[in-house]
Amino acid sequence: MSREFQRGHKARISDLTAGTDLYIGVRIGGPGLTFDISCFGLDAEETLSDDRYFIFFNQPKSPEESLQLLGPQAGDTESFRVTLDRVPEQIRKLSFTATIDGAGQMSQAGPGYLRIVAGGEEVARYSFTGSEFSTERAVMVGDLYYKDGWRFAAVGQGFDGGLEALLRNFGGEVLEEEAPAEVPAQQQPPAFAPPPFAPPASAEPEPQPHTQPTAPQSYAAPVAAPTPAPAPAPAPFAPPAPQPDIHAAPTVVAPVPSPAPPPAPAPSPYAQPSAPPAPTPPTAPPP
5 MSREFQRGHK ARISDLTAGT DLYIGVRIGG PGLTFDISCF GLDAEETLSD
55 DRYFIFFNQP KSPEESLQLL GPQAGDTESF RVTLDRVPEQ IRKLSFTATI
105 DGAGQMSQAG PGYLRIVAGG EEVARYSFTG SEFSTERAVM VGDLYYKDGW
155 RFAAVGQGFD GGLEALLRNF GGEVLEEEAP AEVPAQQQPP AFAPPPFAPP
205 ASAEPEPQPH TQPTAPQSYA APVAAPTPAP APAPAPFAPP APQPDIHAAP
255 TVVAPVPSPA PPPAPAPSPY AQPSAPPAPT PPTAPPP
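With the sequence shown counted from 1, adding 4 to any position gets you the working numbering.
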C-alpha cells in the first residue's frame, strides 16, 4: 500500500521497502508548458562536486549506472532507476527537480506527483499542484538523502530560475557557447573545428580565401552548373502507314500472255498433184 506524503514529510526508505532498487516517477505538466526533469547527485555539502552525477536528457546515467534516466513511461512524465547500494559514498543526496523549458511559471502547472516504486509496487507518493507556487520557474520536488541510512523527503520548494540557474545553485558549471574567433588568412586553422552553423540549402556559398588545412577536411560538393533546358522529347515512334499489299491475301493472278507469234502463212488449198507434163513428141530428123 502506497504511503501519502505532504510537503516537508520524511521517512526512512527501510520503513517503506526492504529493497534498494527503486523506480522514481515524476509527473508534471500544464497547458503550453514543457518541463525538464533532472536528478542532481550532491555531496555532503549539498554541492554538485562531480558533474557526472547530474542526470538529465544529455547525460542519462552515472558512471557506475547507479542513477539512470529511463524516460516517460507508465503515466510518468519522466522516470529514473536508483540502485541505492551502488551509489558512491561521496554522493549523499539525490535531488529530483523540474524546470520549465521556455515561457511560463510554476503557478500554471497542473496536479503532479513524485512516486517511489519498489518490486513493482508503489510504496510512496508526494502530490502537489501549481497553485502551491507563484512565479517560480522550477521546483525541487523531492530528495533521497543519506542519514544513518537512505531516507525520502517530500520537498516541494519553488525556485526562481531555470535549469541553468538551478545548476549554478548546486555549484555546477554551465558551459557557455563561445563564438569562434576570426582566423587571419595567413594563420593555420585548427585541426578540427565544427562549423558554427549550416548554410541554408538555397543560399549561394560565398567564396572563401584559400588556406592550407592541417588535417583532412570534408568539402561540400561544388554547386552544380545550371541545368540546361531539356531538349524536346522526340515524338513517339509511329510505324509508317501500311502500304497496300497485293500479297496480303492469296490471289491468283492471270499470267501476262506472251507476245503472239506472227501468224503462219495460210496453207495453200489442197489440190491434186498436177499431172506431169506431156512428153514432147520427138522431132523428126530433118530430111
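For glycine and all other residues, C-beta sits at the position ideal for the given N, C-alpha and C.
Distance from T87 to S99 at the Cβ level is roughly 17 angstroms; contact not present, criterion being Cβ atoms closer than 8 angstroms. Here G134 carries a helix assignment [DSSP, helix/strand/coil].
Between the segment 56-63 and the segment 139-155 there are fewer than three C-beta pairs closer than 8 angstroms, too few to call the two in contact. Secondary structure at M5: coil, using DSSP grouped into helix, strand and coil. When rounded, the separation of the alpha-carbon atoms in R129 and Q77 is 16 angstroms.
When Cβ pairs closer than 8 angstroms are counted between the two stretches, the segment 34-49 is seen to touch the segment 102-114, the count reaching three or more. If you compare the alpha carbons of N173, S66, Y117 with that of G165, the shortest gap goes to N173. In this structure, S66 is the residue among E136, S83, S66 with its C-alpha nearest to the C-alpha of I95. Taking L170 as the centre and dropping the five residues before and after it, the same chain places the C-beta of T101, T103, A142, F163 closer than 7 angstroms to its C-beta, in chain order.
Per DSSP, reduced to three states, the secondary structure at Q112 is helical. By the CB criterion at 8 angstroms, I120 and I41 fall outside the cutoff. Proximity to G146 across G45, M5, G23 peaks at G45, based on C-alpha coordinates. Assignment of D55 by DSSP, reduced to helix, strand and coil, places it in the helix class. For the set R16, G124, M110, E126, the Cα lying nearest the Cα of F137 is the one of M110. In terms of Cβ geometry, Y117 and R31 form a close pair [threshold 8 angstroms]. Secondary structure at D89: helix, using DSSP grouped into helix, strand and coil.
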